[in-house]
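Report on the following structure.
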Amino acid sequence: MLGAPGCARSPKENGFDWVLMRLLANLKVTREEITAMGVGGLLMEIISRPQSREPEKAVIETDVTAVILAAGRSTRMGGPNKLLAEIGGKPLVRIAVEQALASRAESVVVVTGHQHERVEQALQGLDVRFVHNPDYADGLATSLKTGINAVPASSGAAIVCLGDMPFVGSGLIDRLIEAYAPERDGLITIPVADGRRGNPVLWSRKLFKELLALEGDIGARHVIQKYAEMVVEVPATGVSAFLDVDTPDVLARLLTKR
6 MLGAPGCARS PKENGFDWVL MRLLANLKVT REEITAMGVG GLLMEIISRP
56 QSREPEKAVI ETDVTAVILA AGRSTRMGGP NKLLAEIGGK PLVRIAVEQA
106 LASRAESVVV VTGHQHERVE QALQGLDVRF VHNPDYADGL ATSLKTGINA
156 VPASSGAAIV CLGDMPFVGS GLIDRLIEAY APERDGLITI PVADGRRGNP
206 VLWSRKLFKE LLALEGDIGA RHVIQKYAEM VVEVPATGVS AFLDVDTPDV
256 LARLLTKR
């Protein structure tokens, strides 16, 4: 039987890996060598540690901010800004934001970019905070980072919603918030149906540094894979967690059904 410390579960290389390497190479592992691997334990930092080694501002872990990404150029739509397309007499982005406002999220941040003045006009009268991403053309990661940087210091988590997903209702957002369990290392919550993972995704503040390191036109899928043991899957029904209005055909089908 081999006893292993808690850091053995971490996907990051740490002192336990170094010990195993020495054992496999038939090298001695002494107390002095283990001590020299680092003060404070074999793992340099544990993301779920209740008290981080780095000083942090006081946060309320159960307070969640909704971040709506509404900065894209709608390139696949062939010209028109899809966020301003109306479904049932309302701009698509307004439907998404109103659902976030109706949820248990403490506050709502809307990240704008392309045609930001028109997007803000479409959301007139709603209790949201707008943050503009001047680098929206450089990819999705820039808008995600803009939104994460705008999360109030008191919030313990952010649920990242896409402005082109009008069928993500407040009920799904609430279930993702309810499933968030930082005390049990449940730091990421994701909707799932038929084995597929969708959106929105809730992120603990403890993972914000990972999100802020993203680059280009990519999402945070690899971060989810990296911290797979901290993911809580929440059952979703229908297409709400998967249907985004990306093309004229999708929009036309939605309008036909209305």
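The opening position of the sequence shown corresponds to residue 6 in our numbering, with each subsequent residue numbered one higher.
C-beta atoms are modelled at their ideal positions from N, C-alpha and C, and glycine is treated no differently.
Please report how far the alpha carbon of residue i lies from the alpha carbon of residue j, in whole angstroms.
{"i": "Ala184", "j": "Glu91", "result": "32 Å"}
{"i": "Glu103", "j": "Leu219", "result": "28 Å"}
{"i": "Arg201", "j": "Pro157", "result": "31 Å"}
{"i": "Val239", "j": "Ala186", "result": "12 Å"}
{"i": "Val34", "j": "Lys231", "result": "29 Å"}
{"i": "Tyr141", "j": "Val114", "result": "16 Å"}
{"i": "Val250", "j": "Glu111", "result": "27 Å"}
{"i": "Gly45", "j": "Ala155", "result": "For Gly45, the pLDDT reaches just 47, beneath the cut-off of 50, and the residue's location in the model is therefore unreliable, leaving the point undetermined."}
{"i": "Arg189", "j": "Leu217", "result": "24 Å"}
{"i": "Ala71", "j": "Ala105", "result": "7 Å"}
{"i": "Val98", "j": "Thr117", "result": "11 Å"}
{"i": "Thr151", "j": "Ala107", "result": "23 Å"}
{"i": "Val244", "j": "Pro139", "result": "32 Å"}
Over what stretch of residues does the beta strand (DSSP E) that includes residue i continue unbroken?
{"i": "Thr242", "result": "Thr242 -> no beta strand (DSSP E), and no H or E assigned at all."}
{"i": "Glu35", "result": "Rather than Glu, the amino acid found at residue 35 in this sequence is Thr. No beta strand (DSSP E) holds Thr35; DSSP gives it neither H nor E."}
{"i": "Gly161", "result": "160-167"}
{"i": "Val156", "result": "Neither: Val156 is in no beta strand (DSSP E) and is coded neither H nor E."}
{"i": "Val206", "result": "206-209"}
Which one of the options has the shortest CA to CA distance from residue i?
{"i": "Asp143", "options": "Arg123, Asp22, Ala76, Ala127", "result": "Ala76"}
{"i": "Arg278", "options": "Tyr232, Val206, Ser175", "result": "This structure cannot speak to residue 278, because the chain is shown only from 6 to 263."}
{"i": "Ile73", "options": "Arg210, Asn204, Leu217", "result": "Asn204"}
{"i": "Val236", "options": "Thr242, Val244, Ala225", "result": "Ala225"}
{"i": "His137", "options": "Arg189, Glu66, Arg123", "result": "Arg123"}
{"i": "Ile182", "options": "Met170, Ile195, Phe172", "result": "Ile195"}
{"i": "Ala198", "options": "Ala146, Phe135, Val133, Leu248", "result": "Leu248"}
Exposed or buried, residue i, counting other C-beta atoms within 10 Å across all chains shown (16 or more means buried)?
{"i": "Leu88", "result": "buried"}
{"i": "Ala233", "result": "exposed"}
{"i": "Ile223", "result": "exposed"}
Could you give the first and the last residue of the continuous alpha helix (DSSP H) run that contains residue i?
{"i": "His121", "result": "121-127"}
{"i": "Ala99", "result": "According to the sequence provided, residue 99 is Arg. The question's Ala does not apply to it. Arg99 -> alpha helix (DSSP H) spans 97-106."}
{"i": "Ala198", "result": "Careful: Ala198 lies outside any alpha helix (DSSP H), inside the beta strand (DSSP E) at 193-198."}
{"i": "Phe288", "result": "Lying outside 6 to 263, the shown extent of the chain, residue 288 is not represented and no answer is given."}
Distance cutoff 7 Å, beta carbons only. Does residue i sit that close to anything in chain C?
{"i": "Asn86", "result": "Among the chains in the structure shown there is no chain C, since it carries only a single protein chain."}
Report task. Inspect the CB distances between the region 206-215 and the region 161-177 and report whether three or more fall short of 8 Å. Result -> yes
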